[in-house]
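In our numbering, the protein residues as written are 144 to 287.
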């Protein structure tokens, strides 16, 4: 908001029960965001899961909640850094300012692209559970 970008908050989503994530994520996608910031402590798996379900950049923000060996955010950070989810950008533990700055830059570029003639602002959105990234034609098949 400080950068002049509209923001929305959806709090306290977990991934322990995937079914609890899908409805709130669908609501977030109806807002048509250009980028998501997903904060997670404990095991830090939520940003990777969300990134696998949506077709937009996701910024993983590890937070210093948890217990045991990775209790100061190290566990969450390492999980996010080792994720194979495409489109996942990770900032350092508790670096909400860095996550917000990166999100503002991404949103600004998307807005700029949508105002430029002949340029597409972003790829079509998908809904949770649909595979996230869309489908590409098989090798040898015709698009159309």
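In this text, a Cβ means the ideal position worked out from N, Cα and C, and glycines have one as well.
- Judged by their CB atoms, residue 246 and residue 197 are not nearer to each other than the 7 Å cut-off.
- At the C-beta level, residue 164 and residue 158 come within 7 Å of one another.
- Between residue 184 and residue 228, the C-beta spacing is not below 7 Å.
- Out of 156, 162, 166 and 181, the CA that lies nearest to the CA of residue 242 is found in 181.
- Setting aside the 5 residues that flank it on each side, residue 200 is surrounded in the same chain by 178, 230, 232 and 249, each with a C-beta closer than 7 Å to its C-beta; the list follows chain order.
- For residue 237 and residue 208, the gap between their C-alpha atoms comes out near 10 Å.
- In the displayed model, residue 205 falls within a strand according to three-state DSSP.
- For residue 165, the three-state secondary structure derived from DSSP is helix.
- A residue is called buried once 16 or more other Cβ atoms fall within 10 Å of its Cβ, and residue 234 is buried on that count.
- Listed in chain order, the non-local C-beta contacts of residue 193 below 7 Å within the same chain comprise 168, 179, 181 and 201, local neighbours out to five positions each way being set aside.
- Closest in C-alpha terms to residue 152, from the list 162, 176, 254 and 161, comes 176.
- In the three-state reduction of the DSSP assignment, residue 188 falls in the coil class, being assigned neither a helical nor a strand state.
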